[in-house]
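So the sequence shown is residues 25 to 413, counted in the numbering used here. Where is the CB? At the ideal position from N, CA and C, for every residue including glycine. Remember, predicted model here, so these are calculated numbers, not experimental data. Below is one structure, written out as structure tokens; comments come after it.
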Amino acid sequence: MTLPVGIHDISFATTHYALDHAVLADRLGVDVDKFYLGIGQTHMSVAAADEDIVTIAAAAAKPILDRHGLDGVRTVLLATETGVDQSKAAGLYLHPLIGLPNAARVVELKQACYGGTAGLQFAAGLIARDPSQRVLVIAADIAKYELDTPGEPTQGAAAVAMLVSADPAILRLDDHSGLYSADIMDFWRPNYRTAAVVDGKTSVNAYQKATQEAWSDYRRGGGRDLTEFAAFCYHQPFTKMAYKAHRHLLESQGHNPESADIEAAIGHTAHYNRTVGNSYTASLYLGLAALLDHADDLTGLPLACISYGSGSVAEFFSGTVQPGYRTHLRTAANKAAIGSRAALGYERYRQLHEAVSPIDGKYHPVEAETARPFRLAAISGHKRIYESR
Ligand code: HMG
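This is the structure in structure tokens:
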């Protein structure tokens with residue numbers, strides 16, 4: 025029998041600020057329902073000047089280490105496409121902030137929004153080799169597009185941390201997984217840019233094609249039938265994308281779904297993403313957390329997870345919700361992370377968006393702004409200096 029491996033704990037954090045899409049719609053002169061209904065977004069999380077992926081990753085991971093300790097954690101995989109350094113893994117900055125073990129490998133993973141799923145699957149492989157080990161997987165991103173572009177309302181930010189282990193308490197991963205990769209320029213960010221370049225319509229089509237191809241590969245490998253799943257957790261660059269992709273997938277397989285069927289399959293997964301926005305690598309796992317927090321008892325039921333990262337790589341994988349999972353959830357903390365964000369005004373939003381990092385190597389303190397537990401205190405001698413609040 026295959027060793028049960030999967031998600032033992034899942035925790036998320038987001039930024040200090042939230043921008044209401046009504047504020048953006050007003051400034052852009054568009055009907056707010058284009059955002060609220062058309063793309064399915066009400067707010068986006070926005071990082072304060074003293075936040076980045078390291079501060080939100082630390083905030084997501086700390087509750088996991090507080091609950092489970094460090095025993096057996098010999099690997100930390102941090103997936104991001106908002107890296108703070110071209111060489112050093114962002115996870116290493118977490119050592120002093122949350123007390124990671126020194127007897128561990130710490131690595132950064134990148135493949136657009138797919139990176140977190142790579143981390144999860146690599147973790148499962150390591151645990152299959154040595155079931156006494158546990159792997160901390162963190163997906164953290166701040167999604168940024170140019171101002172006044174169609175991508176702007178799909179910005180957002182969050183980090184999800186997962187403890188992956190044998191005999192998981194929350195989700196046992198199935199052995200079957202479907203894969204698809206292809207070289208496509210739908211969304212990318214050259215090293216000299218802080219905001220992504222995107223061909224929006226191409227990206228929507230590429231996402232749908234990759235989902236269908238990954239699904240076909242999953243089935244060829246012996247995966248479950250579409251009708252078996254209790255819910256579908258999609259990567260959500262904007263929540264409507266999950267609805268579109270699911271309809272496309274069902275129709276490609278000869279189904280003719282009613283809107284209510286799609287809502288039943290997706291609805292609960294969208295609660296957090298709708299107000300957080302795109303969190304790239306974290307988005308799918310935010311959807312999973314939302315589903316677990318909001319759905320009726322899912323014990324013993326199979327879930328489908330669909331990961332897409334532009335460029336592109338997609339994976340269709342599945343898992344079974346474990347007995348007793350509800351006692352391990354962090355529903356109140358998750359809701360508090362979202363509910364405690366400060367409302368952001370448009371002028372400060374633009375200032376934050378256009379701010380540039382100093383590059384002269386001098387000492388640059390960063391004014392305290394976030395109310396979250398970790399902050400970037402200064403950049404000095406080209407080093408990023410973090411502190412706990
Ligand atoms: P757009 O072209 O400005 O929007 O941007 P639109 O005109 O297509 O309208 C969007 C929807 O709103 C449409 O619905 C409209 O009908 C509706 P649809 O036809 O699609 O069902 N609408 C309204 N609804 C109600 N009331 C109204 C109203 N007005 C219009 N008054 C676009 C859309 C997605 C192109 C843009 O947001 C964008 O470029 N986003 C960034 C790219 C993106 O998110 N792509 C998704 C797939 S790729 C992916 O997921 C990977 C990614 O996460 C990156 C990574 O992997 O790292 C992005």
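Best match in the options for proximity to residue i [C-alpha to C-alpha]
{"i": "residue 85", "options": "182, 41, 29, 145", "result": "182"}
{"i": "residue 109", "options": "50, 215, 145, 321", "result": "215"}
{"i": "residue 306", "options": "232, 69, 248, 55", "result": "69"}
{"i": "residue 143", "options": "177, 188, 112", "result": "188"}
{"i": "residue 272", "options": "334, 302, 235", "result": "235"}
{"i": "residue 365", "options": "300, 97, 56, 218", "result": "300"}
{"i": "residue 171", "options": "375, 398, 411, 105", "result": "375"}
{"i": "residue 329", "options": "200, 399, 167", "result": "200"}
{"i": "residue 405", "options": "381, 52, 241", "result": "381"}
{"i": "residue 152", "options": "119, 129, 190", "result": "190"}
{"i": "residue 165", "options": "82, 223, 242", "result": "82"}
{"i": "residue 337", "options": "294, 28, 210", "result": "210"}
{"i": "residue 147", "options": "116, 103, 227, 119", "result": "103"}
Chain-order list of residues whose beta-carbon lies under 6 Å from that of residue i (same chain, five-residue window excluded)
{"i": "residue 331", "result": "138, 141, 259, 308, 339"}
{"i": "residue 186", "result": "31, 34, 161"}
{"i": "residue 87", "result": "35"}
{"i": "residue 245", "result": "200"}
{"i": "residue 25", "result": "Caution applies to residue 25, whose pLDDT of 48 falls short of 50 and renders its modelled position unreliable; the value that the coordinates give is listed next. Contacts found: none."}
7 Å CB neighbourhood of residue i in its chain, flanking five on each side removed
{"i": "residue 402", "result": "387, 388, 389, 390, 409"}
{"i": "residue 229", "result": "none"}
{"i": "residue 63", "result": "177, 178, 262, 264"}
Buried or exposed (CB count within 10 angstroms, at least 16 for buried), residue i
{"i": "residue 126", "result": "exposed"}
{"i": "residue 356", "result": "exposed"}
{"i": "residue 383", "result": "exposed"}
{"i": "residue 192", "result": "buried"}
{"i": "residue 41", "result": "buried"}
{"i": "residue 417", "result": "The question about residue 417 has no answer, for the chain in this structure spans 25 to 413."}
{"i": "residue 79", "result": "buried"}
{"i": "residue 395", "result": "exposed"}
{"i": "residue 407", "result": "exposed"}
{"i": "residue 297", "result": "buried"}
{"i": "residue 45", "result": "buried"}
{"i": "residue 370", "result": "exposed"}
{"i": "residue 23", "result": "For the chain, the structure presents residues 25 to 413; residue 23 sits outside this window and is missing."}
Bounding residues of the beta strand (DSSP E) (the contiguous stretch that carries residue i)
{"i": "residue 441", "result": "Given that the chain is displayed from residue 25 to residue 413, the structure contains no residue 441 and the question cannot be resolved."}
{"i": "residue 337", "result": "337 to 345"}
{"i": "residue 363", "result": "That residue, residue 363, is in no beta strand (DSSP E); its alpha helix (DSSP H) goes 355 to 363."}
{"i": "residue 30", "result": "29 to 37"}
{"i": "residue 407", "result": "407 to 412"}
{"i": "residue 124", "result": "First-last for residue 124: undefined, no H or E at that position."}
Residues of its chain near residue i, where Cβ-Cβ distance is below 8 Å and the 5 sequence neighbours each way are ignored
{"i": "residue 344", "result": "195, 196, 198, 324, 325, 326, 327"}
{"i": "residue 123", "result": "89, 94"}
Extent of the continuous alpha helix (DSSP H) run through residue i
{"i": "residue 377", "result": "370 to 378"}
{"i": "residue 150", "result": "139 to 153"}
Starting from the N-terminal side, write out each stretch of the alpha helix (DSSP H) that is 4 residues or longer and does not extend beyond the region 284 to 323.
297 to 300, 307 to 318
Taking only runs of the beta strand (DSSP E) that begin and end inside the region 43 to 117, which ones reach a length of at least 3 residues, in chain order?
67 to 70, 97 to 103
At 3 residues or longer, what runs of the beta strand (DSSP E) sit wholly inside the region 186 to 269?
195 to 205, 255 to 258
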